[in-house]
Amino acid sequence: MTYVSNISESISKLIRIKTDDVELAFKPQNKVSKFFTKLKDKKNILESKNVIYKIPCECGSCYIGQTTQTLKKRVSQHKTTVSTFDKLFSVPRSKAELLIEAISKSALVKHVSETNHRFDFDAVEVLDSANLKLL
Numbered sequence: 211m212t213y214v215s216n217i218s219e220s221i222s223k224l225i226r227i228k229t230d231d232v233e234l235a236f237k238p239q240n241k242v243s244k245f246f247t248k249l250k251d252k253k254n255i256l257e258s259k260n261v262i263y264k265i266p267c268e269c270g271s272c273y274i275g276q277t278t279q280t281l282k283k284r285v286s287q288h289k290t291t292v293s294t295f296d297k298l299f300s301v302p303r304s305k306a307e308l309l310i311e312a313i314s315k316s317a318l319v320k321h322v323s324e325t326n327h328r329f330d331f332d333a334v335e336v337l338d339s340a341n342l343k344l345l
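Take 211 as the starting number for the sequence shown in this note's numbering and just add one per residue.
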């Protein structure tokens, strides 16, 4: 029974007068957990390792990848690759082989090169994670 000041004592007294076979136990209205928020900080997903992740594109499609590195490092690598591609795109045709190499190494860059779309690296999402290294 929930404890209510004065009322709980009166009920307990009445029951004790009527019978000795029954004992009442009261529980508090407020619990300690009510006064505290969750004490653990939420883990920053960019610090996660061994994850499968998704990076959305402005067109609605998305890039799905996996990494054993921190997600922050992997996303940074993607940004660098796209940035390098953008720079190569503006150089004279003599550097065409570098463009082809950049496109062939990354499905993400291939999509950017074919569509001129941009990926939203700030909206990266973890789809799954593992305690062990991914294959």
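We put the CB at the ideal spot given by N, CA and C, even for glycine.
Whole angstroms is fine: what's the gap from residue i's alpha carbon to residue j's?
i	j	result
LYS259	ILE274	15 angstroms
LEU344	HIS288	Below a pLDDT of 50, predicted positions are generally treated as unreliable, and LEU344, at 48, falls in that range; the measurement from the model is reported next regardless. Cα-Cα distance, rounded: 19 angstroms.
VAL334	MET211	49 angstroms
VAL214	LYS241	14 angstroms
ASN341	THR325	36 angstroms
Once DSSP output is grouped into helix, strand and coil, what is the label at residue i?
i	result
LYS259	coil
LEU171	Outside the displayed span of the chain (211 to 345) sits residue 171, for which this structure offers no information.
ASP230	coil
GLU335	strand
LYS241	coil
Find out if the Cβ-Cβ distance for the pair residue i, residue j is shorter than 7 angstroms.
i	j	result
ILE313	SER323	yes
LEU337	LYS253	no
THR291	VAL261	no
Could you check if residue i is buried or exposed, using at least 16 other CB atoms within 10 Å of its CB as the buried criterion?
i	result
LEU234	exposed
GLU219	exposed
HIS327	exposed
Would you verify that the beta carbon of residue i is, or is not, closer than 7 angstroms to some beta carbon of chain D?
i	result
SER243	Of the protein chains in this structure there is only one, and it is not chain D.
query: Quick check: the segment 223-231 against the segment 261-280, are there 3 or more CB pairs under 8 angstroms?
result: no
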